[in-house]
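Asks: One structure, pasted below without further comment.
In our numbering, the protein residues as written are 81 to 209.
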């Protein structure tokens, strides 16, 4: 039993968080190894074996050797997901609905682009659909 139980608690918490950071980093390296398009199968197998056999050194060497490209791949993946999300939102929102189309039609009629007959026909078409 030590005379500083609060210090023991601090060290236990520190090691606990460092362990989870290590696990997260290891998972991120494995994800990046298999996501990488610029490496062939043998390269991926080599890095995987290196990281499994000598984990601490393998992860550190991987981060030093391929850290920049790892960040670029993460950025590309984030941009791809953002584009997919934006496309989904636009598809879900549609073209603005009938009210938006009627407002645009009214603006065109006010500007004189559409005649009264054309305006009435387009309005009936929008309201009928």
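Built from N, CA and C at the ideal position, the CB exists for glycine as well.
Is residue 194 helix, strand or coil by DSSP?
Replies: Three-state result, residue 194: coil.
Asks: Applying the criterion that 16 or more other CB atoms from any shown protein chain within 10 Å of the CB defines a buried residue, is residue 146 buried or exposed?
Replies: It is buried - the Cβ of residue 146 has at least 16 other Cβ atoms within 10 Å.
Asks: Within 10 Å of its beta-carbon, does residue 187 have 16 or more other beta-carbons around it, so buried, or fewer, so exposed?
Replies: By the neighbour-count rule (16 or more Cβ atoms within 10 Å), residue 187 is not buried but exposed.
Asks: Is it buried or exposed, residue 150, if we count other Cβ atoms within 10 angstroms and call 16 or more buried?
Replies: Residue 150 should be labelled buried.
Asks: Go ahead and label residue 127 buried or exposed: buried means 16 or more other beta carbons lie within 10 angstroms of its beta carbon, across all protein chains shown.
Replies: Its Cβ being crowded by 16 or more others within 10 Å, residue 127 is buried.
Asks: Name the residue from 183, 167, 154 whose alpha carbon lies nearest to the alpha carbon of residue 114.
Replies: Comparing Cα positions, the closest option is 154.
Asks: Mind reading off the beta-carbon distance from residue 65 to residue 139? Whole number of angstroms is fine, and I expect it under 8 Å.
Replies: Nothing about residue 65 can be reported from this structure: the residues present for the chain run from 81 to 209 only.
Asks: Could you check if residue 185 is buried or exposed, using at least 16 other CB atoms within 10 Å of its CB as the buried criterion?
Replies: Result: buried.
Asks: Roughly how many angstroms separate the alpha carbons of residue 103 and residue 109, rounded to a whole number?
Replies: Those two C-alpha atoms are separated by around 10 Å.
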